[in-house]
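Asker:
Chains as they are written, first to last, in this note's numbering: chain A, 1 to 643; chain B, 1 to 486; chain C, 1 to 180; chain D, 1 to 486; chain E, 1 to 104.
(1) Distance cutoff 8 Å, beta carbons only. Does residue 400(B) sit that close to anything in chain A?
(2) Give the straight-line distance between the Cα atoms of residue 14(C) and residue 32(E), rounded to the nearest whole angstrom.
(3) Rounding to the nearest angstrom, what Cα-Cα distance links residue 274(B) and residue 97(B) in this structure?
(4) How far does the beta strand (DSSP E) with residue 69(A) in it reach, from first residue to last?
(5) Kindly indicate which three-state DSSP category residue 309(D) falls into: helix, strand or coil?
(6) List the residues of chain A whose Cβ lies closer than 7 Å to the Cβ of residue 96(E), in chain order.
(7) Evaluate residue 27(D) with the Cβ neighbour count: other Cβ atoms within 10 Å of its Cβ, from every protein chain shown; 16 or more gives buried, anything less gives exposed.
(8) Can you tell me which of the three DSSP states residue 126(C) falls into?
(9) What three-state label does DSSP hand residue 356(B) in the structure shown?
(10) Within 10 angstroms of its Cβ, does residue 10(C) collect 16 or more other Cβ (buried), or is it exposed?
(11) Taking 8 Å as the threshold (beta carbon to beta carbon), is residue 165(D) in contact with chain C?
(12) Taking the straight line between their C-alpha atoms, what separation do you get for residue 53(E) and residue 147(C)?
(13) Output yes if chain C places a C-beta closer than 8 Å to the C-beta of residue 11(E); else output no.
(14) If you check the beta carbons only, do residue 38(D) and residue 16(D) fall under 8 Å apart?
(15) Pick out the complete alpha helix (DSSP H) segments inside the region 183-228 of chain A, 4 residues or longer, and give them in chain order.
(16) Ordered along the chain, which non-local residues of its own chain (more than five positions away) have a Cβ less than 8 Å from that of residue 126(B)?
(17) Would you list, in chain order, the members of the region 77-89 of chain D that have their beta-carbon closer than 9 Å to a beta-carbon of chain B?
(18) If you check the beta carbons only, do residue 38(E) and residue 40(C) fall under 8 Å apart?
(19) Output needed for residue 202(B): all residues of its chain with C-beta closer than 8 Å, excluding positions within five of it in sequence on either side, in chain order.
(20) Quick check: what's the CA-CA separation for residue 179(C) versus residue 98(D)?
(21) Flag this pair as yes or no: are the beta carbons of residue 7(D) and residue 144(D) separated by less than 8 Å?
(22) Using CA coordinates, which residue listed in 186(D), 483(D) and 468(D) is at the minimum distance from residue 72(B)?
(23) Under 9 Å Cβ-Cβ, which residues of chain B neighbour residue 360(D)?
(24) Identify, in the order they occur along the chain, each residue of the same chain with its Cβ nearer than 6 Å to the Cβ of residue 500(A), setting aside the five sequence neighbours on each side.
(25) Determine, for residue 628(A), whether the minimum Cβ-Cβ distance to residues of chain C falls below 8 Å.
(26) Counting contacts by CB-CB distance shorter than 8 Å, is residue 75(A) in contact with chain B?
(27) Please check the pair residue 36(E) and residue 163(D), which I expect to be a contact at CB under 8 Å, by giving their CB distance rounded to whole angstroms.
(28) Taking 8 Å as the cut-off, does the region 571-586 of chain A touch the region 319-329 of chain A (at least 3 CB pairs, one atom from each stretch)?
(29) Considering residue 3(E), what are the terminal residues of the alpha helix (DSSP H) in which it resides?
(30) In three-state DSSP terms, what is residue 290(A)?
(31) Closer than 8 Å, CB to CB, is residue 95(C) near chain D or not?
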């Protein structure tokens, strides 16, 4: 285990433990005292953030080199499982992203969930999530990674279902957990495979195996695909993306942190972690690339037709995650992480912005908004910044990262490039559609505060929207700074080198240099998208309804989300599985198996009732029985054992 | 001597309970609690005195019946495999007593039976003379029968009789096999049997193995010998469900490892793949049927079928890792399902219904119970850092090399378990609040807190610090798998 | 066993005995049945004589004819006429079938077995005295030496049977009497 | 004189019988003393037997027609025990019945003397006479009751018994004709000499013997009288029949078949027949018992099934070699255990029925409330009959099954164990009625001291031998050992 | 022609079976009893034939046997008739096929 001086193991563990302690504290005795709960959690995450920065500095000092600290957890027979932390450039970046965004979101939540009865619970869950996420990032072996991977899923479940009394929320939580769990099937299978074939679960040993070719190509491919199945579940890749839009049932900060910035990126992180495997298994890599591309397209298309602000953002997240996967699929290891990095900031920003809007209007339905530009300027401007960044407009963060992805794609496969380019046009289009619908035009009154749900965090009057308090806006501002600047810092490759130090050099392909062609073209594409949005949704040169009519089938296809939900939930889960197969099995269980058992009992009793009528009480009959017995027995002997 | 005390302590307490004068019937529960606590304490003492890898320890043996034809001994001992189960039994006995604190009807008889049940199970886990083992195995029938048929609900007498007949039918074959073995090896001593190589018996060893297996499979239970379980569970009182799911099912798995595999390694090798297959099928089958259940207890019962299938799967692999995993799964499932039944029992006391359809939104009226249910639910889904996960993963990792197909089936079963558990939680705990449950009180009495919290702590402990059990199981199982390997 | 007389006697006795038995079977009136029965007993006694077991024959006459048959007669006569019907039950068919079947089996084994007869021809039976060996005296000696135990048992048995029989037939009325 | 000494026990009993009659004649007012007088005789017999055990020089007498050996001694003890318990249990009933009490006791004593003679008889004539000496008093006793059912039972029993003994006699005659001797030894010698070529005759003779004794043992197809007679006869008498003549029949069959017809070529045949009869008896008896509503009838059918279990032992005996002792001792053990158990059951029935005036199982509902002692004892006996540990019945079954397995009769043992499942069902059904059923009428039943005493003794035997069966097992083995040497 | 043992045995067997048929078919208790007595007689005949045939090493045994059988038969008959009377007193009939209180 290469140990780099300056990186202190205790610090790494502490990063994980701080939020855990917060979680424990809140869970055990702070449920009654929400305020303190909030502060405890923020304090803990602040500590983690600080430590993460320390680590970052250390790692930078060490030139992004790897440090691992492993301890045996338990062993059964030949099986030996370890717990350990590993830090390198990749980890460091993730740590910073996670902790910083988390910190901001936690602060933001102070305002957002102020009046929510579940306030304490919220912070407990959040702390748990952050613990899990940090553990996932720091894990030095696949098994430990899997553990935290699952815990992340759990906290996601709890947070999506935070408002559990809303059936939609409960259903969404279940859906999210189960669909990601289906992906985890693959991940678990991959773990089993690598353990049985390679005999190890440690990350760098797996790198070794991948690069030295100790494993057969099939094994590697299967392993890679297994990993990707897990990643696809978490990172909402097509066709497992269906849970993410529903996950918007959770509180907005949750969406910002978990379902935009961090957790959904975990899949990308996983694939990046095992980039050497992809590198050594072309088929797997191709698959990743194409699934990524498909996700990009699907996400972008579906985002077009959403009327719910958060869902627009959700689909855009899906699309962006698709970009990251695509990047990995075209050898753009560093680029993917780069995009993950930038995306974290502007997507969190956008979500928090939408939350702020929701606070003002008590709705996410864009058809009931409009004209908020004037009443909530801070929200507006920060939101626009985020949008521009996402659309990839020079010189914001999104521009740099997306640009590089297009570049990699161009060099790898023109088809992929085409998809990505078109999608970036769509990106600009749907994002500005949202902007125009939300902030321009005249206000449409929002959603009257219904008495129905008792724990609305809403306060104030939707009829007269107003700007949010500083706890809400401050994070927006900070994040917009990130959304602007995050890209520059990476400009001039040190980010790449830093991150790339995390994987063996053999696995890396030197990224092609910056190309003005690509850069300019992509900017133009973005601007075109913006212009289109402006034309349709602001200038109303073309009626949206008009488009809807002309492209009716397509519109329906999009509005029904390619019928995927219908397929999964109705056709498969409900009809084929529950009412079909399960009912069949259960019928078999009750009639055939249990029926046989009870039948035996009945048969016994019945034959008894019948047989006892032989006993007529007739003494002659009894005597005949005796005599017949003699005859029969004698004959039996003579037959079985002839003379 | 310690083991004898440990095994018969509960029974003694039970006797004491019976001797209580009628006017002190209220205090029966206290006597029972003290008895079970004492047993637990003693079990823990042994647990920490135990020397890992030291083979059979705390031996109590004396010649009991010596008929020139065969000798039957009073022979108790524990090894790394049985001691954890003994400890588990002691724990769950305490829990069972605690959750029975609200019993009003014929208390003395109730607690006496409960204590006798504990003694019987402890005896099964500690007996090292095959016939003594069989005796304890049968002894467990009486208290179970009474507990279900007197303090049960629904079609309790039907269920009780079904349980008894199933077990007796199984143990009938078991007895034949035991006699055949003892005859061919000339002893009932399981320790000796476990080392001697038996070439032949009066009936083909294949049959001996199958007969033994049949007897244990009923208890485990495997598909298709499982239909007694849902009935017994749904009609039994909470404490009995806890004991049934928690320890009685484990008798089957324990016995298969201790006798089938250890005594007849060759046959085990022949049949291993079949055990694995049956296990995998049970996992899936149980899961499928679970989806259709509308009664909480039946649902848990069928999920137990699914989870115990994993035990058999692991055993069938015959490798150390897989069998350790199986053993671990027994312990984990004991705690988790025990906890599930405790929670459901408390809910039932409040709402007087187990119909999932009638429940809903309880997270609002009874947050603590709801939390406990969610916790236990996720534990049984196999969430990491909880006991079930360690067991499942160990089984999978141990089994994958030998029978990928079975493991893949089982993994699918795990996903299914996520499905039905979460669906249940969604319908019971979450969703809109129902006015009809507005009155019901949350988890309230100290014994409820104690039992739930205690189990939760154990589940977490087994989930994050498996070593203290693994170190105990590993050597013991290693001996077995070594026997099979050769 | 030589001698036409003996042969004729045998066949005659066989005819009489079995015929009488058949009579018991067919006669509808219990009294007639008893009379046939007595004839059958006598026939058997005749066989005994033929087999030079005179003492047994005598016992046969005395006990069967003299005791048992008479006992039956009393029983019948004491019960009203309605009770003298000697018809068969529905079981008669199966019973006959069984009888034939068993007879077949018995006859088969009787003729299948090679009885180790020691001296070939049998001694012709002319007079009781002319046959040495199996005199009543020997029987008596045997009964009091080898089979003294059965002998004693038999005596006890008779007593017990007597006591029991008396108890059973005694009307309850008397009991209340002697209980007082 | 020594010969009288050898049959001393029987003489003692017969003297007691006489004394009872005389006492009644002389002092009609002191009737209360009669049973104790009779018991004195039984005690005398037991003591006398003991003196023989102490003296230990067992011998045959009366020109070898009678033997006093461990085998006979064992059975003399058993019969003494049976008679004593029956007498004690009868006291109440006899007094209520009011008929001449002296005769009743005298007949019981006579019958038991006959049984004791049977145990030692080694000569066809003696066997026949002893058999009749035990039978005829039983015919009378069966018809002893005043009601119609009783006399009906009596005459049925007698007519069928007479037919059976006629068949038996014909068989004996054939044997005598073949071998020219009535001594078992002589018969054995003749068979050894030229038996093989005359197998057909021997088989028919054997079958006739089986029929004759099978009637007493109450095995299919010679069993049909059993339920009717048990139901009709006075309960104490039924108890006596159910154990006394059955045990005696097995005793004499073991001696006769093993000493007389033990020749290999023959024993294979009758062993096979015994095995078949055993299987059929068990199955038919159990199946028929299920639907019975009258407890005495149920016990009748169960005794048929039990006879089937005895027979496993007989079938196992025939396999020559060192294992047959196991079979023989298995039968003896079973006889003793069954004697206690079944007597216990019947006495409990006496105690209960005489008060509730009904033998319907349905009327036993809730007995646990009304007569705890009786209910508990009855439950114990039924459990023992079902062969569930820890009771004498379990060890008996275990021992016999063990013998069966060692005699390669695995199929038979499997049939037997499955049957024990069925039997468990209907035995436990009664237990369930008594403990869980709703009591009909709350009046507590008085337990007369004598019934209590008899029941206590029987149940105590069941339990004590259930926990420490060793002495009984030892005795059985010594008794069976004579065949090893013989 | 010569008479052999088989002749006597045959008669015995036939008589025995005839008695059996009677015992199994007669409706009247006394009738059944007659059948039984015939069976016993057949047995006696067989025994005497054996003991006379010279098959037997100890012919006397056969005679003794017969003597006892006769005795027992007498006792049995006495008891049987007594029981028949008892039944008659209870039921006003000795037709055993009407004695079917005991069943099921």
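Backbone N, C-alpha and C fix where the C-beta goes; we use that ideal spot for every residue, glycine too.
Answerer: The answer reads as follows:
(1) Taking the first residue of the second chain as 1, we reach residue 400(B) at position 400. Taking Cβ atoms only, chain A reaches closer than 8 Å to residue 400(B), which makes this a yes.
(2) In the third chain, the residue the question calls residue 14(C) occupies position 14. In the fifth chain, the residue the question calls residue 32(E) occupies position 32. C-alpha separation (whole angstroms): 22 Å.
(3) Counting from one through the second chain, the residue named residue 274(B) turns up at place 274. Counting from one through the second chain, the residue named residue 97(B) turns up at place 97. Distance between the alpha carbons of residue 274(B) and residue 97(B) is about 39 Å.
(4) Position 69 of the first chain, counted from the first residue, corresponds to residue 69(A). Residue 69(A) -> beta strand (DSSP E) spans 67-76.
(5) As a position in the fourth chain, residue 309(D) is number 309, starting the count at 1. DSSP places residue 309(D) in helix when its eight states are reduced to three.
(6) As a first step, residue 96(E) is located in the fifth chain; it is residue number 96 there, counting from the start. In chain order: 619.
(7) For the purposes of this step, residue 27(D) is taken as the residue at position 27 of the fourth chain. Residue 27(D) comes out exposed.
(8) Reading the third chain from its first residue, position 126 is the one you call residue 126(C). Any reading at residue 126(C) must be qualified, since the residue scores a pLDDT of 34, below 50, and its modelled position is unreliable; the value itself is stated next. Three-state result, residue 126(C): coil.
(9) Looking up residue 356(B) in the second chain gives position 356. Three-state result, residue 356(B): coil.
(10) Position 10 of the third chain holds residue 10(C). Result: buried.
(11) Counting from one through the fourth chain, the residue named residue 165(D) turns up at place 165. No, residue 165(D) does not count as interfacial toward chain C.
(12) Counting from one through the fifth chain, the residue named residue 53(E) turns up at place 53. Counting from one through the third chain, the residue named residue 147(C) turns up at place 147. Whole-angstrom Cα-Cα distance: 22 Å.
(13) Taking the first residue of the fifth chain as position 1, residue 11(E) is located at position 11. Yes, its Cβ sits closer than 8 Å to a Cβ of chain C.
(14) The residue you call residue 38(D) lines up with position 38 of the fourth chain. The residue you call residue 16(D) lines up with position 16 of the fourth chain. Result yes, Cβ atoms of residue 38(D) and residue 16(D) sit closer than 8 Å.
(15) 203-212
(16) Indexing the second chain from 1 puts residue 126(B) at position 126. 3, 6, 7, 76, 77, 78, 82 and 86, listed in sequence order.
(17) none
(18) The residue labelled residue 38(E) in the question sits at position 38 within the fifth chain. The residue labelled residue 40(C) in the question sits at position 40 within the third chain. For residue 38(E) and residue 40(C), yes; Cβs fall inside 8 Å.
(19) The sequence position of residue 202(B) within the second chain is 202, counting from 1. Once the five neighbours on either side are set aside, the close Cβ partners of residue 202(B) are 180, 183 and 184.
(20) Here residue 179(C) is taken as the residue at index 179 of the third chain, counted from 1. Here residue 98(D) is taken as the residue at index 98 of the fourth chain, counted from 1. Residue confidence for residue 179(C) is low, a pLDDT of 40 falling below 50, so the modelled location carries little weight and cannot support an answer.
(21) Here residue 7(D) refers to the residue found at position 7 of the fourth chain. Here residue 144(D) refers to the residue found at position 144 of the fourth chain. For residue 7(D) and residue 144(D), no; Cβs fall outside 8 Å.
(22) Along the second chain, one-based indexing puts residue 72(B) at 72. Of 186(D), 483(D) and 468(D), the residue nearest in Cα terms is 468(D).
(23) Along the fourth chain, one-based indexing puts residue 360(D) at 360. Going along chain B, no residue has its Cβ under 9 Å from residue 360(D), so there is no contact; the nearest lies around 19 Å.
(24) Translated into the one-based positions of the first chain, residue 500(A) becomes position 500. If we look at residue 500(A) and ignore the five residues flanking it on each side, its Cβ neighbours are 334 and 508.
(25) As a first step, residue 628(A) is located in the first chain; it is residue number 628 there, counting from the start. So yes, residue 628(A) belongs to the interface.
(26) Taking the first chain and counting its residues from 1, the one referred to as residue 75(A) is at position 75. Yes, residue 75(A) lies at the interface with chain B (some Cβ there is under 8 Å from its Cβ).
(27) Translated into positions along the fifth chain, residue 36(E) becomes position 36. Translated into positions along the fourth chain, residue 163(D) becomes position 163. Rounded, the Cβ-Cβ distance is 6 Å, consistent with contact.
(28) no
(29) Translated into positions along the fifth chain, residue 3(E) becomes position 3. Counting along the chain, residue 3(E) falls outside any alpha helix (DSSP H), and DSSP gives it neither H nor E.
(30) Here residue 290(A) refers to the residue found at position 290 when the first chain is read from its first residue. In the structure shown, residue 290(A) sits in a helix (DSSP, three-state: H, G or I).
(31) In the third chain, the residue the question calls residue 95(C) occupies position 95. So, not an interface residue.
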